[in-house]
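So in UniProt numbering, spot 312 of the sequence shown is number 312, and the numbers just go up one at a time. I have placed the structure first, in the form of structure tokens, so that the comments after it can refer back to it.
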Amino acid sequence: MLRLLFFSILIFVAACNNDEEHDESTTDTDILLNTNHGGAGSAWGLSDCDACHALGVVHQNEPAIRDIVKVNGYETCTGCHGSNGTDAPRQCLVCHNENDLPEAPLQSGLHKHDFDTGADNELEDQQCIDCHYASDMDGVFNNNRDLTRYADSSGVNSPYSNGTDFCLRCHNRDHQQADFPITDKVFDDPLIAIEDTYTFIDKHGEINSAGSGTYAGLRNNYVYSSRVECTDCHAMHGTTNSRLIIDRSDKGTSKLDLSLRDLPHSVKITADDFSQLCVLCHDMETLQDEGDVDTGNGLTGVHLTGSSCIECHSHGEAIQAGL
1 MLRLLFFSIL
11 IFVAACNNDE
21 EHDESTTDTD
31 ILLNTNHGGA
41 GSAWGLSDCD
51 ACHALGVVHQ
61 NEPAIRDIVK
71 VNGYETCTGC
81 HGSNGTDAPR
91 QCLVCHNEND
101 LPEAPLQSGL
111 HKHDFDTGAD
121 NELEDQQCID
131 CHYASDMDGV
141 FNNNRDLTRY
151 ADSSGVNSPY
161 SNGTDFCLRC
171 HNRDHQQADF
181 PITDKVFDDP
191 LIAIEDTYTF
201 IDKHGEINSA
211 GSGTYAGLRN
221 NYVYSSRVEC
231 TDCHAMHGTT
241 NSRLIIDRSD
251 KGTSKLDLSL
261 RDLPHSVKIT
271 ADDFSQLCVL
281 CHDMETLQDE
291 GDVDTGNGLT
301 GVHLTGSSCI
311 ECHSHGEAIQ
321 AGL
């Protein structure tokens, strides 16, 4: 009996190898546990994190989340570190919510990227994982670390050239992801037409644009030779506007001067009037056609505020590419 007890203790100690600095179960860029967890895999497949890891000592070098983990407990583990070879669900929203991490990300608003265009559902943990399978959670967003890698048009899991490249691997006509088909859409529906639009017609920021149009003028840090990311205008995690248009400047406009972006300026889309969105980046140099009229969020600089924008500007219009 004593011999059996001795070996049981040895196995337990091996599984609880808690030297995080030398833990080979993760890498510097991937905090998901793998089959090496616990030293030679002795802790792989175990479901009770508390058997080895005391809440009082975990995340000693991560003050931004240490208290959150202490309060929410072991349910927080799977979101960042995976299921450790078990069938435990990965939980993200236990921390990423408006109480614990209200700005990571901003989630206010009824409309969210819930993979269902016909409804407004609350985001679920699995939807977080669908887009952020192996994020390193270091607070610095990197497209090729923090976004799930999906196949390109050639069927290859190639690196993303930018954030828009990630979006277009699902939003296209002919090489959608098998797990996320976009069905029952007409040929020109933006949800599937946007890849061709962006690639061949409107990058919303043409590479060879001279910025010499009638209403030329952009705010600081936006230039005509740069492409605008999808997420500069579309909020994935929550907005009050339809079509996932951001409802405040700090949910998008990544290049906007922080003194403007982080105020934030509100964005309310009324019918087809997108003035409050456009004015976040556009600021005409020569005022004309009511360019000095407040759009309603404290900013001026676009023409014909209050009118329909899409009569002249839509995704893919070659002459005046816009929305």
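Note that the Cβ used here is the ideal one computed from N, Cα and C, for glycine as well. Note that the structure is predicted; figures quoted are calculated from it, not measured.
Expressed to the nearest angstrom, what Euclidean distance is found between the alpha-carbon atoms of K268 and T295? 10 Å
Local Cβ density within 10 Å of N297, reported as buried at 16 or more and exposed below that: buried
If you reduce the DSSP assignment to three classes, tell me which class T270 lands in. strand
Euclidean distance between Cα positions of T305 and S158: 42 Å
Among N121, V71, L46, nearest to T239 - alpha-carbon criterion: N121
Give me the Cα-Cα distance between G56 and A64, rounded to the nearest whole angstrom. 15 Å
Where does the unbroken alpha helix (DSSP H) through L191 begin, and where does it stop? 190-196
Minimum C-alpha distance to T300 - residue among D272, Y215, I246, R169: Y215
Do T78 and Q60 have their C-beta atoms within less than 8 Å of each other? no
Given 8 Å as the limit, is there contact between the region 247-258 and the region 218-228, that is, 3 or more CB pairs closer than that? yes
Following the continuous alpha helix (DSSP H) through H81, name the residue where it begins and the one where it ends. 77-81
E98 classed as buried or exposed, judged by whether at least 16 other C-beta atoms fall within 10 angstroms: exposed
Is the region 106-121 close to the region 222-238, with three or more CB pairs under 8 Å? yes
Unbroken alpha helix (DSSP H) run spanning I68, endpoints: 63-72
So is P264 buried or exposed if we call it buried at 16+ other beta carbons inside 10 Å? buried
May I ask you to report which of helix, strand or coil DSSP gives R248? strand
What does DSSP give as the partner residues of T239 in its beta bridges? H111
Do C95 and T117 have their beta-carbon atoms positioned less than 8 Å apart in this structure? no
Between F166 and D136, what straight-line distance do the alpha-carbon atoms span, to the nearest angstrom? 17 Å
DSSP-derived helix/strand/coil call for D165: helix
Inter-residue Cα distance where the pair is P89 and S83: 7 Å
Please classify E290: is it buried, with 16 or more other beta-carbons within 10 angstroms of its beta-carbon, or exposed? exposed
Start-end ranges of the alpha helix (DSSP H) lying completely within the region 254-316, minimum 4 residues: 258-261, 275-278
With a CB to CB cut of under 6 Å and the five nearest residues on each side skipped, what residues in its chain are close to S266? R248, N297
Since D114 and L123 should fall inside the 8 Å C-beta cutoff, what is the C-beta to C-beta distance between them, to a whole number of angstroms? 6 Å
What do you get for L32, buried or exposed, if any count of 16 or more other CB atoms within 10 angstroms of its CB means buried? buried
Given Y74, which residues of its chain have a CB within under 7 Å of its CB, disregarding the five upstream and five downstream residues? C49, D50
DSSP three-state call for D146: helix, strand or coil? helix
Excluding the 5 residues preceding and the 5 following I192 in the sequence, name in chain order all residues of the same chain whose CB lies nearer than 7 Å to its CB. H171, N172, R173, I182, K185
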